[in-house]
Amino acid sequence: MKVLRARELLKELGQGWTLNGRGHLKRHYTFKNFAQALAFANKVGAVAEAEGHHPDLYLAWGKCKIEIWSHKIKGLTESDFVLAAQAERKFKPFRAPA
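Residue 1340, in our numbering, is where the sequence shown stops; the numbers in between run on with no holes.
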C-alpha cells in the first residue's frame, strides 16, 4: 500500500492510531484495570480469529497495545485498516462516559 493511501485511511480511523517506523498500524488503549484490558484483548482476539488476520497484542495492567500489519506482504493492506476499525468498535463499551 502506498504511504499516501495509508495516511488517508489512518485519518479515517480517528485519534490514537499511528504508523510506527516499520509501517505497522499501532494504538495504545487504556483501561480502569487488568480485567478490562484482558476482556478487550479477548474481544479483539475473537475478531482476529474469525477473520484469520492476527494482530500483535501486548497486555499489561490497565493497558493493551495493538500492532497490525499483513505478515505475508510485510506491509499494510486495507484489511489491516478494517481490523483496526473493528478494534475501535470493541473498545467503545470500555470508554469512560463523556
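Built from N, CA and C at the ideal position, the CB exists for glycine as well.
*Would you please state the rounded distance, in angstroms, between the beta carbons of A1279 and C1306? I believe it to be under 8 Å.*
Looking up residue 1279 in the sequence shown gives position 37. Looking up residue 1306 in the sequence shown gives position 64. Indeed they touch by this definition, with Cβ atoms about 5 Å apart.
*According to the neighbour-count rule (16 or more other Cβ atoms, all chains shown, within 10 Å of its Cβ), is R1269 buried or exposed?*
By one-based count along the sequence shown, residue 1269 stands at place 27. Per the 10 Å Cβ criterion, buried.
*The beta strand (DSSP E) with L1251 in it runs from where to where?*
Position 9 of the sequence shown holds residue 1251. No beta strand (DSSP E) contains L1251, which is instead part of the alpha helix (DSSP H) from 1245-1255.
*Residue ranges of each beta strand (DSSP E) within the stretch 1263-1327, 3 or longer*: 1267-1272, 1298-1302, 1305-1310
*Work out the CA separation of T1319 and P1297 for me, nearest whole Å.*
As a first step, residue 1297 is located in the sequence shown; it is residue number 55 there, counting from the start. As a first step, residue 1319 is located in the sequence shown; it is residue number 77 there, counting from the start. Those two C-alpha atoms are separated by around 13 Å.
*How big is the Cα-Cα spacing for A1290 and F1273?*
In the sequence shown, the residue the question calls residue 1290 occupies position 48. In the sequence shown, the residue the question calls residue 1273 occupies position 31. Here the alpha carbon of A1290 sits roughly 21 Å from the alpha carbon of F1273.
*Taking A1329 as the reference, which of V1245, A1277, H1295 has the closest Cα?*
Taking the sequence shown and counting its residues from 1, the one referred to as residue 1329 is at position 87. When each option's Cα is compared against that of A1329, the closest is H1295.
*Using only alpha-carbon positions, find the residue among R1249, W1303, L1252, W1259 that is nearest to A1283.*
If you number the sequence shown from 1, residue 1283 lands on position 41. Among R1249, W1303, L1252, W1259, the Cα nearest to that of A1283 belongs to W1303.
*Which residue's Cα is closest to the Cα of D1322: E1309, R1337, L1301?*
Position 80 of the sequence shown holds residue 1322. Per the Cα distances, E1309.
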